[in-house]
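Encoded as structure tokens, the structure appears first; notes follow it.
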Amino acid sequence: MSHDTTQPSLLRKLRKGADAQAWREFEAKYRNLVVGYCRRRGLQPADCDDVQQLVWMNLAKGLQNFEYDPRRGRFRDYLRRVVRAAIARHFSRPNPAGRALDTTMLAITPNGTDEFDEAWEAEWVDHHYRLAMQTVRSTFDPRSIAIFDRLLAGEPVATLATAFATTDQAIHKIKQRIRNRLAQLIDRQIRAEDGRAAGGIPPRDPGSIPSES
Amino acid sequence: MSPTMPEGFEFDQPDELWLARLRHALHSEAPRPAADDFRAGARLGPYALVRRIGAGGMGTVWLARRADGVFERDVAIKLIKRGMDTDAVVRRFHTERHILAALVNPNIARLYDGGSTPEGGPYLVMEYVDGLPIVDYCEENAYDVEQRLHLFRTVCHAVHHAHRHLVLHRDLKPNNILVTSNGIPKLLDFGIAKILNEDGADASAHATTDLRPLTPRYASPEQVRGERLTTATDVYSLGVVLYELLAATPLYQLESGSHLEIERAVVAQVPTRPSVAVSRRGDLSPLQRRRLQRRLRGDLDTIVMTALHKDTTHRYPSVEQLAEDVRRHLAGLPLLARPAGLWTRTISLIRRRRVPLAAASAGGLLALLLATALVVYWFIVPAWAQNHLRQARLTIVGPRANQAMYNVIFFNAAPFRAPARQRNTTAEYLKTALAAYDAALRYAPGNTAARREREMVLLACAFRDDPSQLTELTTTLRPHLPLTCAYAEEWQANGQRPLFTHAELETASPSDLRSMGLLALLWGDPETVIDTWTRLSIETADPIVEASLGNIYLALDEPALAYPRLLSAHRAYPEAANLTAYLADAAARCGDIEQATQLLADVERQGNISDNALPVERVRMLCLLSQGRVDDAVELYDTARLGNYNPVATAQLAAYFERSGDDHSALRILADRLQAHAAREQATAAKFVRLMEAWWARMAPIDRKRLQELAAASAPVTDPELPRLLDVYARTRRQLEKYPKPHPLGLRAGWDKLAYPVSAAALASARDELSALAGHSPP
């Protein structure tokens, strides 16, 4: 997956319309963000999917008349507006009798605009963590990933050191390497998303990452 | 923290915090498609996967074979891709299972089974449809327009069936409508179907939604706009399919063919009419092109363009109506969706024929003459044809036909087995129908439906009058109507109704089913009418079919089944007094007295109130009984002399008394009827005998004993009716044994059933005691 494609260039491809590959890429990248946000808003899965369809459609239509300009605002804010409009649209369709009441209530009760924006921001952070973790998984050596997964699951460093016949320090080092790589990837993803040139951040631990391709 | 460290990601916090954040992010991940790792040869329950035949957003479809030694069968197995089996997807999968389980229709791929993979993921086992997409099938088999329309109607019926079960397909396209090698279309892929509200709009709480991007070529404008969907959405998609079936060109001519271009066209562009679109086809010779254009112009253009209307309110409101218009076109009837009146059509006709206005003003008279000739040719002649056809059909479903059907069920007397007087009546009405068909076909020789109907009337006459003509007719008809011919010959040879297998009936063409049903109707074989026409009429509103089935159900005393069918027939032929009267009968038997009274008033307005063949007085009697006005009902029964000519009225009044516990009154009116019409009234006889025995069995032993003693002493009894009842009983009992076996449908109708049954042993002993009593009873 080419996360390094800048958002504006991906959007330009979408503008052309015919590029099915661009849509697939876009969907692979943003589906979780949109659906995740809908879930945070308490929508039922079926409604999340409907909203997601609506977002794609609105984006496709919107991009016909509007070119996303990174100088005018961040992409995540633009997408947030599209998603929130789609949710409002979805629930403003006539006769919501067929929809479960709780979903409707959660979705249309205004608990304060900030709350909804906060939910979006939180989901956006999760989204980038997930994208970055995906890259990490495909590039780090399986042993490091196995150790990191067990760390994530909450196992103590000492237990892992014993299990993998290594030292506590080595475990810590793997954790730091992955942390640094995640931070670097996320920074790059955000820059790409906002159409800025990709830059690196100096890792806290400048050790090499031999297994990364 | 580094200045470029992304904010809000907590990398600057202690490890536990960012790890927790990451853990949260990963756990809240929505399902993502993962590689499908089932392989050919893998086993799922009794099924072995053979090869993958399809893949969608969340699942894959495999061809599999049941190979557990029980029986061998190819099936399609639908699996959820690993990694996709989250609660939401599994729920959606179960929704599809429920949808399919509810949809049992020969033209919808069946759901056979379901189960869980070793990992616990669900799978569905469905009918494997080995066929071609409908458009390809028609092209490959060089189907003509009529054949395509018949096939399309079958598809419409399947979709309407789904709609009736409140299921919207949402993804109708040729690839989801496969036609098997024996020409049966099957609807597939309810994977993104929606369950509708009762009012026909989607109920999103139960929705199953597609995960793949839209494929807008068959999507309706409202789908593209993301609006609320109704059955009109499926109408639109069917419209696109019909367009491609008829014009064999895509709906829109696009430059890039991109999704967005198609979407824009779907929302904004008015498609070219099919008759115009075929001019783009380079694969046809100019002559073929012109011929096809002529065939599509008019009705078919109107049907397609109505189905494809951007605005749902101008579209066909239901698939049923779309199918109905296709049927009307095939039958040469005016369309429901005819957009313009006579004048507009004439003008457009002249315009189409390129009669320039200049010429009209210059050679005014010539143009006027031409226009008049065209109007006569295009409007008046078809109207004549329609009138005659209508007359023919009204005769077919007229009161005589209905009486014949009652006779079969009530007296087990088929028209050709009935006494000579009845047979002649039958022959008369068939001859009237035949003359009307001949006239209709003179004006509209191309009307195949009318031609087939006429052939069936000829066959029905031939069976009675001239068996050699029957052989001749079946030889000519066999290529078109194989099952109907088999039916006619079998009955001629063996004198009984042939039994067709389910598969034979399922695979018969609609025209074959319709003809066989009609022949069965004319021959007085209600069972075959039900067998063939209930299949045919699952979704159609063919008035002959509806009227006849409605009447048969009425004769079977199943008014709730009869009512909707008669209502549909009444709407098609509102002027037919007999249909109005039968509808009133059904309404009265369903307990809707107000509606029944209203309909009877309509019959009166139609001026047919005195026709004894119509059940007007009987329905009045039923209404009075329902209102508890028993004395008035009995008075009407007597004054209208219902007991003299209407055995059904007798049966109904007797049944009313029996249900009210007044056995005596029930027995009295049945005995009256039997004394007046001793011969052949099997149902009345059976009812009387049964009721008499039940009355005796229920009597207190002391009263029975007293009557037996009185009889033995030849002493007069206090009840002056009793000797008469015993006399009628003894005669009827003897006669009953001579009757042929009751008609199976007569048994189903339960005319001889008792409202309060008594044991068989008690009835048997009552029979002996009553016979003895009758032997002793004073004259």
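Quick note, the sequences are listed as chains A and B, same order. Every letter in the first sequence is one number past the one before it in our numbering, and letter 212, counting from 1, is 212. Every letter in the second sequence is one number past the one before it in our numbering, and letter 408, counting from 1, is 621. All C-beta atoms, glycine included, are put in the ideal place defined by N, C-alpha and C. Please read all numbers here as calculations on a predicted model, not as lab measurements.
CA nearest to the CA of residue i, picked from the options
i, options, result
"B:GLN808", "B:ALA785, B:LEU827 and B:SER839", "B:SER839"
"B:PRO259", "B:ASP326, B:ASN320, B:SER722 and B:LEU313", "B:ASP326"
"B:GLU474", "A:SER9, A:GLN134 and A:LEU14", "A:LEU14"
"B:LEU337", "B:TYR350, B:GLU934 and B:ALA322", "B:ALA322"
"B:TYR619", "B:LEU364, B:LEU712 and B:GLY737", "B:GLY737"
"B:THR330", "B:GLU352, B:LEU262 and B:HIS373", "B:LEU262"
"B:SER450", "B:LYS523, B:GLN482 and B:GLU934", "B:LYS523"
"A:ALA132", "A:CYS38, A:ASP187 and A:ALA153", "A:ASP187"
"B:GLU533", "B:MET518, B:GLY545, B:LEU549 and B:ALA544", "B:LEU549"
"B:LEU672", "B:TYR700, B:THR661 and B:ALA662", "B:TYR700"
"B:TRP908", "B:ALA928, B:SER878, B:GLY545 and B:LEU796", "B:SER878"
"A:GLU118", "A:TYR37, A:ASN180 and A:VAL55", "A:TYR37"
"B:TRP746", "B:TRP704, B:ALA706, B:ALA773 and B:THR697", "B:THR697"
"B:ASN615", "B:LEU827, B:LEU401 and B:VAL517", "B:LEU827"
"B:GLN444", "B:LEU762, B:HIS374 and B:SER492", "This sequence places Thr at residue 444 of chain B; Gln is not what is there. The shortest C-alpha separation from B:THR444 is found at B:HIS374."
"B:SER531", "B:ALA799, B:LEU381, B:THR585 and B:VAL588", "B:LEU381"
"B:HIS693", "B:THR661, B:MET834 and B:LEU543", "B:THR661"
"A:ASP149", "A:THR167, A:GLN184, A:LYS175 and A:ASP168", "A:LYS175"
"A:ARG81", "A:PRO142, A:PHE116 and A:CYS48", "A:PHE116"
"B:PHE870", "B:VAL348, B:ARG842 and B:THR852", "B:ARG842"
"B:THR945", "B:LEU880, B:GLN436, B:ALA973 and B:ARG236", "B:LEU880"
"B:ALA979", "B:GLU906, B:GLY988, B:GLN948 and B:GLU719", "B:GLU906"
"B:ARG710", "B:ALA733, B:GLU717, B:TYR590 and B:PRO723", "B:ALA733"
"B:MET912", "B:GLU982, B:TRP704 and B:LEU385", "B:GLU982"
"B:ILE622", "B:GLY254, B:GLY959 and B:ALA255", "B:GLY959"
Cβ separation of residue i and residue j, assumed to be a contact under 8 Å, to the nearest whole Å
i, j, result
"B:LYS291", "B:MET339", "6 Å"
"B:PRO787", "B:ILE765", "Not quite, the Cβ-Cβ distance comes to about 21 Å (not below 8 Å), so this is no contact."
"B:VAL387", "B:GLU457", "Note that residue 387 of chain B is Pro in the sequence shown, not Val. Contact holds; Cβ gap of about 7 Å."
"B:LEU920", "B:LEU986", "7 Å"
"B:VAL670", "B:LEU647", "5 Å"
"A:PHE75", "A:GLU155", "Not quite, the Cβ-Cβ distance comes to about 37 Å (not below 8 Å), so this is no contact."
"A:LEU182", "A:VAL136", "6 Å"
"A:ILE190", "A:ILE171", "About 29 Å separates the two Cβ atoms, so there is no contact after all."
"B:ARG494", "B:ALA461", "6 Å"
"B:CYS803", "B:LEU535", "With a Cβ gap of about 30 Å, B:CYS803 and B:LEU535 do not count as contacting."
"B:LEU779", "B:ALA760", "7 Å"
"B:ILE397", "B:ASN320", "7 Å"
"B:ARG366", "B:ARG540", "6 Å"
DSSP bridge partner residues for residue i (one or two, in chain order)
i, result
"B:ASP287", "B:ARG278"
"B:LYS399", "B:LEU391"
"B:LEU509", "DSSP, once it has assigned bridges, lists no residue as partnering B:LEU509."
"B:LEU345", "B:VAL392"
"B:GLU340", "B:VAL288"
"A:LEU79", "Partner(s): none; A:LEU79 has no beta bridge."
"B:ILE321", "B:LEU400"
"B:LEU464", "Beta-bridge pairing links B:LEU464 to no other residue."
"B:TYR260", "B:LEU257 and B:ARG279"
"B:PRO680", "Answer is none; B:PRO680 lacks a bridge partner."
"B:GLY328", "B:TYR336"
Count Cβ pairs between the stretch 658 to 671 of chain B and the stretch 721 to 730 of chain B that sit closer than 8 Å; are there 3 or more?
yes
Assess contact between the stretch 879 to 891 of chain B and the stretch 911 to 924 of chain B, defined as three or more Cβ pairs (one per stretch) separated by less than 8 Å. Is contact present?
no
If you measure beta-carbon to beta-carbon, which residues of the stretch 161 to 191 of chain A are closer than 7 Å to chain B?
LYS175, ARG179, ALA183, ILE186, ASP187 and ILE190
Would the stretch 679 to 696 of chain B and the stretch 648 to 655 of chain B be scored as touching if the rule is three or more Cβ pairs under 8 Å?
no
Taking only beta carbons into account, state which residues of the stretch 53 to 64 of chain A come closer than 8 Å to chain B, listed in chain order.
GLN53, LEU54, TRP56, MET57, ASN58, ALA60, LYS61 and GLN64
So, do the stretch 927 to 943 of chain B and the stretch 868 to 875 of chain B have three or more beta carbon pairs nearer to each other than 8 Å?
no
Using a Cβ cut-off of 9 Å, which residues of the stretch 73 to 90 of chain A contact any Cβ in chain B, in chain order?
ALA86, ARG89 and HIS90
Residues within the stretch 139 to 156 of chain A neighbouring chain B, beta-carbon criterion of under 9 Å
LEU151, LEU152, ALA153 and GLY154
Contact the stretch 964 to 980 of chain B vs the stretch 894 to 901 of chain B: 3+ CB pairs below 8 Å:
yes
Output needed in chain order: residues of the stretch 113 to 131 of chain A with a Cβ under 9 Å from some Cβ in chain B.
GLU121, ALA122, GLU123, TRP124, VAL125, ASP126, HIS127, HIS128, TYR129 and ARG130
Residues in the stretch 224 to 236 of chain B with C-beta within 8 Å of chain A's C-beta atoms, listed in sequence order?
PHE224, ASP228, TRP231, LEU232, ARG234, LEU235 and ARG236
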